[in-house]
Each structure stands twice: as C-alpha cells, then as structure tokens.
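J.: Could you have a look at this structure, given as structure tokens, before my questions?
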Amino acid sequence: MLGNTASLIRDNLRLVHQRITAACVRSSRSASEVRLLLATKTVPAERIRLALEAGENLIGENKVQELKKKDQVLAGQTVERHFIGHLQSNKIAEVLKYATCIQSVDRLSVAEALQHRMARDGRSLDIMVQVNTSFEDSKFGRHPSDAVAFVEALRQYPLLRIRGLMTIGLFDADPEKVRPSFRLLRQLREQIIEKSLLSPVEFSELSMGMSGDLETAIEEGATIVRVGTAVFGRRQYPDSYYWNEQTPGT
Ligand SMILES: *Cc1c(COP(=O)(O)O)cnc(C)c1O
Numbered sequence: 257m258l259g260n261t262a263s264l265i266r267d268n269l270r271l272v273h274q275r276i277t278a279a280c281v282r283s284s285r286s287a288s289e290v291r292l293l294l295a296t297k298t299v300p301a302e303r304i305r306l307a308l309e310a311g312e313n314l315i316g317e318n319k320v321q322e323l324k325k326k327d328q329v330l331a332g333q334t335v336e337r338h339f340i341g342h343l344q345s346n347k348i349a350e351v352l353k354y355a356t357c358i359q360s361v362d363r364l365s366v367a368e369a370l371q372h373r374m375a376r377d378g379r380s381l382d383i384m385v386q387v388n389t390s391f392e393d394s395k396f397g398r399h400p401s402d403a404v405a406f407v408e409a410l411r412q413y414p415l416l417r418i419r420g421l422m423t424i425g426l427f428d429a430d431p432e433k434v435r436p437s438f439r440l441l442r443q444l445r446e447q448i449i450e451k452s453l454l455s456p457v458e459f460s461e462l463s464m465g466m467s468g469d470l471e472t473a474i475e476e477g478a479t480i481v482r483v484g485t486a487v488f489g490r491r492q493y494p495d496s497y498y499w500n501e502q503t504p505g506t
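Residues in the sequence shown are numbered consecutively from 257, following my numbering.
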C-alpha cells in the first residue's frame with residue numbers, strides 16, 4: 257500500500273515540478289527562483305515522509321497540533337517547516353518548537369509576542385506578512401490598504417526578519433480571476449521596497465499560488481508556491497476549517 261502511495265506521490269511531484277518549470281520558462285524566470293512548499297494539513301506524517309524522501313525539503317502546516325503530532329515521524333528528516341495558518345497568541349511557544357518561519361503574521365499583538373520570545377531565547381525569527389488580497393471578510397491577513405503601514409510598524413521588532421509577503425488570494429477555479437490578488441501582492445512588495453522600508457535582498461519572498469493557480473502566481477512573481485492537493489490528493493475537511501475563524505471546533 258505504502259509502495260503505491262510512494263509512487264503516486266512521486267508522480268504527482270514530478271507533474272507539479274513540470275508545471276513550475278513550464279511557468280518559469282513562460283515568464284522568463286529561472287526555476288531556481290521558485291520553491292515548492294508542501295501544504296500538509298491533514299496529511300499523515302508517513303505520507304509527508306514519502307515526499308521528503310522524493311527530494312522535497314519544505315513543508316507548511318496550518319495547525320500547531322499537526323506540527324506536534326507529525327514531529328516524531330519526521331524526526332531525522334531534513335525539512336524546513338513554515339507555519340502558514342492562523343496563529344493564536346497562546347500557541348506561539350508551541351509553534352516555535354517546530355517552525356522556522358511564520359508566514360501568517362497579520363497582527364501586532366502576535367508580532368510583539370514573537371519578538372518577546374526571541375529576546376528571551378536570544379535569537380531571531382523569519383516571518384512574512386499575510387495580506388488579504390481578495391478583500392473577503394472570511395480570510396485572514398492584513399487589508400491591502402494597510403499592509404505597507406503594518407510592515408512599517410513591524411520594524412519596531414528588530415528580532416523579526418520580515419522576509420516577504422504571503423497571500424491566499426481569491427478562491428476561484430478560474431486562475432485569471434485570482435491573478436489580480438497575486439499582482440496586488442507583488443505591487444505591495446514593490447511599494448515597501450520603494451519606500452526603503454526594507455531591502456529587496458532581505459525582503460525577497462512572495463508566497464502565493466496553490467494547486468489550481470500556481471502558474472498564474474509564478475507569472476506574477478511568486479518565489480514560494482504552496483501546494484497540497486496536487487501532491488497529496490483531496491482533503492477530508494473543507495478549507496474553511498483552516499481559513500475561517502468562525503468555524504466551530506477551531
Ligand atoms: C491548504 C493550503 C494551501 C494549499 O492548497 P491546495 O489547493 O491544496 O494546493 C496553500 N496555502 C494555505 C495557507 C493552505 O491552507
């Protein structure tokens with residue numbers, strides 16, 4: 257059974273990498289500019305391990321409990337773990353045991369708590385700012401009109417290295433409808449650099465694009481695409497369980 261699963265995951269990964277490469281070629285970018293992050297919510301650790309053994313090295317989790325639960329099985333693997341879900345202040349200590357980058361920072365209270373932890377531990381942390389580029393109330397992230405000011409405010413926390421911006425974008429099966437979300441994220445990064453708030457070298461990442469729209473995201477400048485379904489198959493829970501604060505059980 258696991259043998260079948262392994263070859264299925266390998267085949268899926270090959271297809272995803274082909275899609276990434278083709279999109280890079282079309283937009284005159286080097287494939288080395290785009291990293292594949294495996295979005296592994298609900299995916300059992302054994303299946304994640306198969307993807308790592310196939311050569312992947314970057315995963316993103318949405319829930320602290322899942323990071324913790326899968327940690328044992330993934331121990332000994334070379335893997336970088338990012339947090340891409342909604343971060344509650346009371347979960348910060350736990351998340352920092354496992355994740356080296358928090359992509360979903362969208363509140364000053366969370367940033368302040370992260371800074372506090374880093375000061376205590378004598379280290380620094382990579383973060384990204386999540387922007388709500390689809391303007392939907394149900395989505396987390398900073399409103400685009402406020403994203404630049406938010407980044408400026410984050411500079412008061414010197415132990416947080418702001419590596420870039422992250423967005424989920426409009427949820428639509430038609431990638432062309434999602435394109436304005438991705439374009440907006442790129443423009444926000446450009447504005448932040450133009451205002452000399454951050455250096456383009458440090459502030460280099462645009463984390464955007466998922467299974468259905470990664471090509472569009474790459475065309476608009478994505479440096480990290482976050483892919484779940486196209487590698488691991490369909491999930492058992494609706495995404496609203498992870499994306500919407502109002503859902504019971506979160
Ligand atoms: C689930 C998830 C993804 C991946 O979505 P797919 O459509 O399965 O590729 C990307 N980013 C975030 C924040 C997610 O929660």
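C-beta: ideal position from N, C-alpha, C; glycine also. What you are looking at is a predicted structure, and each value in this text was computed from that prediction instead of being measured.
Among 271, 276, 308, 270, which residue has its Cα nearest to the Cα of residue 464?
T.: With distances taken between CA atoms, residue 464 lies nearest to 276 out of 271, 276, 308, 270.
J.: Indicate whether the contact test is met: 3 or more Cβ pairs, each with one atom in the stretch 484-494 and one in the stretch 445-455, closer than 8 Å.
T.: Taking 8 Å as the limit for Cβ pairs, the verdict is that the stretch 445-455 does not touch the stretch 484-494.
J.: Taking its Cβ as the centre, do 16 or more other Cβ atoms sit within 10 Å of residue 388, making it buried, or is it exposed?
T.: buried
J.: Would you say the beta carbon of residue 318 comes nearer than 6 Å to a heavy atom of ligand 1?
T.: yes
J.: List the residues that DSSP assigns as beta-bridge partners of residue 317.
T.: 339
J.: Alpha carbon to alpha carbon, what distance is there between residue 357 and residue 410?
T.: Distance from the CA atom of residue 410 to the CA atom of residue 357, rounded to whole angstroms, is 15 Å.
J.: Could you check how far apart the C-beta atoms of residue 476 and residue 442 are, in whole angstroms? I think they sit under 8 Å.
T.: Rounded, the Cβ-Cβ distance is 5 Å, consistent with contact.
J.: Would you mind giving the Cβ-Cβ distance between residue 315 and residue 335, rounded to the nearest angstrom? I have them listed as a contact below 8 Å.
T.: Sure, about 6 Å apart at Cβ, within 8 Å.
J.: Looking only at its own chain, which residues have a Cβ that is under 7 Å from the Cβ of residue 439, when we skip the five neighbours before and after it?
T.: 476
J.: List in chain order: all unbroken alpha helix (DSSP H) runs of 4+ residues lying wholly within the stretch 381-440.
T.: 400-410
J.: Using a threshold of 7 Å, state whether the C-beta atoms of residue 308 and residue 262 are closer than that.
T.: No; because the gap between Cβ atoms is not below 7 Å, this pair is not in contact.
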